[in-house]
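Only one structure is covered here, and it is reproduced in the block below.
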Amino acid sequence: MKIHDLAPAPGSTRPKRRVGRGTGGKGGKTAGRGTKGQGARNNIKPGFEGGQLPLVQRIPKLKGFKNPFRVEYVVVNLDTLEAFEGSVVSPETLRAEGLVHKHGLVKVLGRGELTRRVEVHAHAFSKSAEAAITGAGGSVTVLDPPFRGRPAAKGNALTNR
């Protein structure tokens, strides 16, 4: 079989209807466009609604909003701490090893098991992770996050007095 032998199954396709070829054939004369009016004449752009503000312009462009006060954490699990060399774990040591992203707060979650004593400093802990670390003889220290408040607006009349 060659590529020129390939064809659709018989009866599975139909020929394209040729409209507007005179009153002798199917779809002749007005060619399914009715009589007179804008739709019977030249092409109308897709989405044109007869001068009414189109749906595309009526709908807002941006969906939802981004909460400026959302606190996002970089996640580290217990199995990562188990494989980590050293007895003191902090965001700085994790960043030095390349285990967490260079920005963001660090949160320890409870996936995996911890079998050795580790001193962990992080911004947040899940209850299961905290229980596992203290259960293995380690200690947990919650770090203060960087400034969380709303930043002062630049050029605010109240701050420029």
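Under the working numbering, think of the first position of the sequence shown as 39, with each following residue one higher. A virtual CB, placed ideally from N, CA and C, is assigned to each residue, including glycine. For clarity, every value in this text was computed on a predicted model and none was experimentally measured.
- For A170, the enclosing alpha helix (DSSP H) stretches over residues 165 to 173.
- Pairwise C-beta distances place the region 154 to 163 in contact with the region 115 to 131, as three or more of them are shorter than 8 Å.
- Cβ neighbours of V178 within its own chain (closer than 7 Å, five residues either side excluded): V158, F163, E168, I171, T172.
- Judged by DSSP in its simplified three-state form, H42 adopts helix.
- Straight-line measurement puts the Cα of L152 at about 9 Å from the Cα of T118.
- Between the alpha carbons of G70 and G102 lies a distance of about 43 Å.
- Under the 10 Å beta carbon count, V138 is surrounded by 16 or more other beta carbons and is classified as buried.
- Between N115 and L91, the CB-CB gap reaches or exceeds 8 Å.
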